[in-house]
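**Student:** Quick one: structure below, then a few questions.
2 protein chains.
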Amino acid sequence: MKVVNQEQIEKWDLEDPLASKRLAFSLPDNIVYLDGNSLGAMPSGAKLRAKTVLDEQWGNDLITSWNKHHWIDLPLTVGNKIAPLIGAASGQVVCCDSTSINLFKVLSSAMALQKSRSVVLSLAGNFPTDLYMVEGLASVLGEDACHLKLVDESALENALNVDVAVLMLTQVDFRSGRLLNMQRLTQLAHEHGILVIWDLAHSAGALPIELDACEVDFAVGCGYKYLNGGPGAPAFLYVAQRHHNNVTQPLKGWMGHKHPFAFSAGYEQANDISQYLCGTPNVISMSILDAALDVFSDVSMYALREKSVALSELFITLVEGNSSLSELHLVSPRDAKLRGSQLAFRHEHAHAICQALIHYGVIADFRAPDILRFGFTPLYLRYQDMLKSTDILAKIIRQKIYQHPQFNLQQKVT
Amino acid sequence: MKVVNQEQIEKWDLEDPLASKRLAFSLPDNIVYLDGNSLGAMPSGAKLRAKTVLDEQWGNDLITSWNKHHWIDLPLTVGNKIAPLIGAASGQVVCCDSTSINLFKVLSSAMALQKSRSVVLSLAGNFPTDLYMVEGLASVLGEDACHLKLVDESALENALNVDVAVLMLTQVDFRSGRLLNMQRLTQLAHEHGILVIWDLAHSAGALPIELDACEVDFAVGCGYKYLNGGPGAPAFLYVAQRHHNNVTQPLKGWMGHKHPFAFSAGYEQANDISQYLCGTPNVISMSILDAALDVFSDVSMYALREKSVALSELFITLVEGNSSLSELHLVSPRDAKLRGSQLAFRHEHAHAICQALIHYGVIADFRAPDILRFGFTPLYLRYQDMLKSTDILAKIIRQKIYQHPQFNLQQKVT
Chain A
3 MKVVNQEQIE
13 KWDLEDPLAS
23 KRLAFSLPDN
33 IVYLDGNSLG
43 AMPSGAKLRA
53 KTVLDEQWGN
63 DLITSWNKHH
73 WIDLPLTVGN
83 KIAPLIGAAS
93 GQVVCCDSTS
103 INLFKVLSSA
113 MALQKSRSVV
123 LSLAGNFPTD
133 LYMVEGLASV
143 LGEDACHLKL
153 VDESALENAL
163 NVDVAVLMLT
173 QVDFRSGRLL
183 NMQRLTQLAH
193 EHGILVIWDL
203 AHSAGALPIE
213 LDACEVDFAV
223 GCGYKYLNGG
233 PGAPAFLYVA
243 QRHHNNVTQP
253 LKGWMGHKHP
263 FAFSAGYEQA
273 NDISQYLCGT
283 PNVISMSILD
293 AALDVFSDVS
303 MYALREKSVA
313 LSELFITLVE
323 GNSSLSELHL
333 VSPRDAKLRG
343 SQLAFRHEHA
353 HAICQALIHY
363 GVIADFRAPD
373 ILRFGFTPLY
383 LRYQDMLKST
393 DILAKIIRQK
403 IYQHPQFNLQ
413 QKVT
Chain B
3 MKVVNQEQIE
13 KWDLEDPLAS
23 KRLAFSLPDN
33 IVYLDGNSLG
43 AMPSGAKLRA
53 KTVLDEQWGN
63 DLITSWNKHH
73 WIDLPLTVGN
83 KIAPLIGAAS
93 GQVVCCDSTS
103 INLFKVLSSA
113 MALQKSRSVV
123 LSLAGNFPTD
133 LYMVEGLASV
143 LGEDACHLKL
153 VDESALENAL
163 NVDVAVLMLT
173 QVDFRSGRLL
183 NMQRLTQLAH
193 EHGILVIWDL
203 AHSAGALPIE
213 LDACEVDFAV
223 GCGYKYLNGG
233 PGAPAFLYVA
243 QRHHNNVTQP
253 LKGWMGHKHP
263 FAFSAGYEQA
273 NDISQYLCGT
283 PNVISMSILD
293 AALDVFSDVS
303 MYALREKSVA
313 LSELFITLVE
323 GNSSLSELHL
333 VSPRDAKLRG
343 SQLAFRHEHA
353 HAICQALIHY
363 GVIADFRAPD
373 ILRFGFTPLY
383 LRYQDMLKST
393 DILAKIIRQK
403 IYQHPQFNLQ
413 QKVT
């Protein structure tokens, strides 16, 4: 068991090359925020941008802002700003709609490219909305043309065969934080002629991703978690350049038209990534996300990952070193190379403990039925926050504070 | 030809029962804004709400705001606030996604209810994205199961027959402002067993709508035009209560699940209107729309319509009374009962005239190839604005100011 003391932890904070990034966020006082994997904290630049978009753009320049302030370009501007964070060359990422809807688009595209195959393979524990969207697509294509097959991770590689049209995986599991091997799984899938869709909801902005280098076909991701774009921020999608001339998708809104302002009666899809746009872009939210992404402009995703691992390793060390916390069972892989930027622990009273943590200023997350989730956002978390939060957690469990009725309320929301 | 003088116009403004509503908006000085049909002006309450959502909610209360500030309820809260504006009883309207995507959902529902029919009937001049979404749905259902038939308005009633599954119409035409008879067309369609979808993009918030009384089946609409929800605001959809237990739609995101936070692997659709939700709601934009709708809380849609008609009639009178404006050809119906809250005029140099109008502080709108559009939002427009804008328009045309090279730039955006 490693021993860490307060002095050591303070030293790490002093030497942290990302320490100054905390100043780019507007954080409440005396709160340790370990839920950036559900909703990222607010960058001060995002708040300023919201004011500009409202006062100067919408309020003053009104409709002329579509050109004057480049509103019409936002989906591609923001997409191209996300691209380097996920290892994508420019022109392959677009910001729009929600993760679920973007998944429907790329799933439709992938299935249309795989006419002779019908199986969408995924993991049983994948985030439910991803699985539901396959059900949704199957409901229009018909079960013969599209059906979902779920396996456990141990059975995944053996399930890759010529019946499978699409392998749809979430890179980091929302519950356990398990990080899948994107390169290996994409390559294995391709060897069987399978197209691959990665959901980056819990990885984009949290760790280095190499979509182009891994030859991924399609990806989707979320703007409001590690990208800090604000509650319900627009999502994004990636389609590899090599597919742009061969794909189609059914949500054929006017913004995906080759010439949206020709107002022609027939749909002619754009031949670049903007063919994945549908309705009018959500300017206010997309502008806020655009500004939030500026926090990443001088951040190496490798340096970010290094700190993310150091934070979570420290958290585990502190939990393991505290006998009051022996009731917590680590659900996440113990090997940091196999984890995203979060930790999950099982406890019978996880929900009540989570409520008590929030009460004492440590914002964590609960996932049914018995999972306590802690997300580590290296941009605004300090090593001292790991000490403070585990101390409070230990007190809540040791003194059984979670048994108080006030901590046994209804579930909260991601 | 009626004659109106400045004194008469000033008197109308003084006597206008909606005059004080202008104070609820944050409008730029010295601008006449005749483009609320593209992007509504900013209500001051919306701006304040944005500040609260950012500073107090996202910034301070972070993830806990989903419950504490009722973020999770926003789609239904906002839907129920829109409902009375469109003649819908509570529980039938939900705010989400974009108009295009919502149209895809209700089109899918309607086609699934009409298994033995395949035609979606619409008007040739309908807003293109509506037609594109039918193409998109046909691309997954197959042309045998779904195909679009377009007719001119004169042929519409005769085209209603037992082959038609769905009649999909926009209540107010985006170009001409032509207002269709919702009650008559819905009733005629029903007589042939046809389900009806109305797109309210150019009518919601502009005139009284009676969805329930007209027994409409489905409707969609836009949050950023006459509802003043901000650029790219979330849209809404309506599904009549009588269909709630029989419908399905393919965009089966977790927010449409009966128990989203059970995180179960199989989709079980909610049995109320929330079955039409998909991904995580866009909290910031939806909150802004929520606040914007408060402007309507004490407004009678009949009083609003009365002023809308009076404004547009005055505008026509002023155009017709000015010999410099004889080059403008009214494309909208001359009878106010057949128009929405906008006027369209044809002119060979419409685009350049529109640019010149903007330069001189009159924000109007151009629609290819040769249409000048003027939208009349009774909440913030005055009778004197009709005089000012037609005076400037007359000067631009009389002096051929539009011929200046600076007014011959690229097209603007709705």
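Going line by line, the protein sequences match chains A and B.
Here the numbering used here is used: the first residue of the first sequence is 3, the next is one more, and so on.
Here the numbering used here is used: the first residue of the second sequence is 3, the next is one more, and so on.
Where a beta carbon is used, it is the ideal one built from N, C-alpha and C, also for glycine.
Note that the structure is predicted; figures quoted are calculated from it, not measured.
Any beta-carbon of chain A closer than 8 Å to the one on Ile1 of chain B?
**Tutor:** With chain B running from 3 to 416 in the structure shown, residue 1 of chain B is simply not present.
**Student:** I need the boundaries of the alpha helix (DSSP H) containing Ile103 of chain A, first residue and last residue.
**Tutor:** First-last of the alpha helix (DSSP H) with Ile103 of chain A: 101-115.
**Student:** Using 8 Å as the threshold, is the C-beta distance between Thr172 of chain A and Asn128 of chain A below it?
**Tutor:** Contact flag set, yes.
**Student:** From Leu41 of chain A to Ser328 of chain A, what does the alpha carbon distance come to, in whole angstroms?
**Tutor:** Straight-line Cα distance between these residues: approximately 29 Å.
**Student:** In whole angstroms, give me the CA-to-CA distance for Trp256 of chain A and Leu239 of chain A.
**Tutor:** Answer to the nearest angstrom: the Cα atoms are 18 Å apart.
**Student:** Taking Cβ positions, are Phe317 of chain B and Leu345 of chain B nearer each other than 8 Å?
**Tutor:** Yes; because the gap between Cβ atoms is below 8 Å, this pair is in contact.
**Student:** I want to know whether the region 355-373 of chain A touches the region 200-213 of chain A - three or more CB-CB distances under 8 Å.
**Tutor:** Cβ pair count under 8 Å is below three, so no.
**Student:** Taking 8 Å as the threshold, find out whether the region 116-128 of chain B comes into contact with the region 241-261 of chain B through three or more Cβ pairs.
**Tutor:** With a cut-off of 8 Å, the region 241-261 of chain B and the region 116-128 of chain B do not count as touching, because too few Cβ pairs lie within range.
**Student:** Can you find at least 3 beta carbon pairs, one from the region 334-345 of chain A and one from the region 164-181 of chain A, that sit closer than 8 Å?
**Tutor:** With a cut-off of 8 Å, the region 164-181 of chain A and the region 334-345 of chain A count as touching, because enough Cβ pairs lie within range.
**Student:** Anyone know if the C-beta pair for Ala202 of chain A and Ser310 of chain A falls short of 8 Å?
**Tutor:** Here residue 202 of chain A turns out to be Leu, not Ala, going by the sequence shown. In this structure, Ser310 of chain A does not lie closer than 8 Å to Leu202 of chain A by Cβ.
**Student:** Please determine, among A:Ile84, A:Asp175, A:Ser22, the residue with the shortest C-alpha to C-alpha distance to Ile373 of chain A.
**Tutor:** Minimum Cα distance to Ile373 of chain A is reached at A:Asp175.
**Student:** Give the DSSP-derived three-state secondary structure of Gln94 of chain B in the structure shown.
**Tutor:** It is coil, neither helix nor strand.
**Student:** Using the three-state DSSP reduction, which class does Val136 of chain B fall into: helix, strand or coil?
**Tutor:** Correct three-state label for Val136 of chain B: helix.
**Student:** Whose C-alpha, out of A:Val96, A:Gly61, A:Ala91, A:Asp57, is nearest the C-alpha of Ile74 of chain A?
**Tutor:** Closest option to Ile74 of chain A, Cα to Cα, is A:Val96.
**Student:** What are the start and end residues of the alpha helix (DSSP H) that includes Ser156 of chain A?
**Tutor:** Unbroken alpha helix (DSSP H) run through Ser156 of chain A: 155-158.
**Student:** Below 6 Å CB to CB, which residues in the same chain sit around Lys107 of chain B once its five sequence neighbours on both sides are set aside?
**Tutor:** If we look at Lys107 of chain B and ignore the five residues flanking it on each side, its Cβ neighbours are Gln251, Leu253, Tyr278.
**Student:** Taking buried to mean at least 16 other C-beta atoms within 10 Å of its own C-beta, is Lys105 of chain A buried or exposed?
**Tutor:** Note on identity: in this sequence residue 105 of chain A is Leu, with Lys being the wrong assignment. When all chains shown are included, Leu105 of chain A counts as buried.
**Student:** Determine, using beta carbons only, whether Asp75 of chain B comes closer than 8 Å to chain A.
**Tutor:** No, no contact with chain A.
**Student:** State the beta-bridge partners of Pro45 of chain A as determined by DSSP.
**Tutor:** Looking at the DSSP assignment, Pro45 of chain A forms a beta bridge with A:Phe27.
**Student:** Under 8 Å between beta-carbons, which chain B residues line up against Arg369 of chain A? List them in chain order, please.
**Tutor:** In chain order: Phe265.
**Student:** Classify Ser118 of chain A: buried if its beta carbon has 16 or more other beta carbons within 10 angstroms, exposed otherwise.
**Tutor:** Classification for Ser118 of chain A: exposed.
**Student:** Using the beta-carbon count (16 or more within 10 Å), is Tyr269 of chain B buried or exposed?
**Tutor:** Tyr269 of chain B comes out buried.
**Student:** Could you give the DSSP three-state label for Gly61 of chain B: helix, strand or coil?
**Tutor:** Gly61 of chain B: helix per DSSP, three-state reduction.
**Student:** Going along the region 347-362 of chain B in order, which residues come within less than 7 Å of chain A, judged by CB to CB distance?
**Tutor:** The region 347-362 of chain B vs chain A, Cβ under 7 Å: Ile360.
**Student:** Roughly how many angstroms separate the alpha carbons of Asp57 of chain B and Leu383 of chain A, rounded to a whole number?
**Tutor:** For Asp57 of chain B and Leu383 of chain A, the distance between alpha carbons rounds to 20 Å.
**Student:** Would you mind reading off the limits of the alpha helix (DSSP H) that contains Ser289 of chain B?
**Tutor:** Taken as a continuous stretch (DSSP letters only), the alpha helix (DSSP H) holding Ser289 of chain B covers 285-295.
**Student:** Going by DSSP, what residue range makes up the alpha helix (DSSP H) through Trp14 of chain A?
**Tutor:** Per DSSP, Trp14 of chain A belongs to the alpha helix (DSSP H) from 8-17.
**Student:** When DSSP builds the beta bridges, which residues end up paired with Lys151 of chain A?
**Tutor:** Lys151 of chain A is bridged to A:Leu123.
**Student:** Asp274 of chain A and Gly93 of chain A - do their beta-carbons sit closer together than 8 Å?
**Tutor:** It is a contact, given that the beta carbons lie within the stated cut-off.
**Student:** Let's see if you can read the secondary structure: which residues bound the beta strand (DSSP E) around Val80 of chain B?
**Tutor:** Premise fails: Val80 of chain B lies in the alpha helix (DSSP H), 76-84, not in any beta strand (DSSP E).
**Student:** Between Ala126 of chain A and chain B, is there a C-beta pair that is closer than 8 Å?
**Tutor:** So, interface residue.
**Student:** Taking Cβ positions only, does Phe298 of chain A come closer than 8 Å to chain B?
**Tutor:** It does not; no Cβ of chain B falls within 8 Å.
**Student:** Looking at chain B, is there any beta carbon in it that lies within less than 8 Å of the beta carbon of Tyr404 of chain A?
**Tutor:** By this cut-off, Tyr404 of chain A is not an interface position.
**Student:** Relative to the alpha-carbon of Ile439 of chain B, which residue among B:Pro335, B:Thr392, B:Ala338 has its alpha-carbon at the smallest distance?
**Tutor:** Given that chain B is displayed from residue 3 to residue 416, the structure contains no residue 439 of chain B and the question cannot be resolved.
**Student:** Could you tell me which chain B residues have their CB closer than 8 Å to the CB of Asp37 of chain A, listed as they occur along the chain?
**Tutor:** Chain B residues near Asp37 of chain A: Leu64, Ile65.
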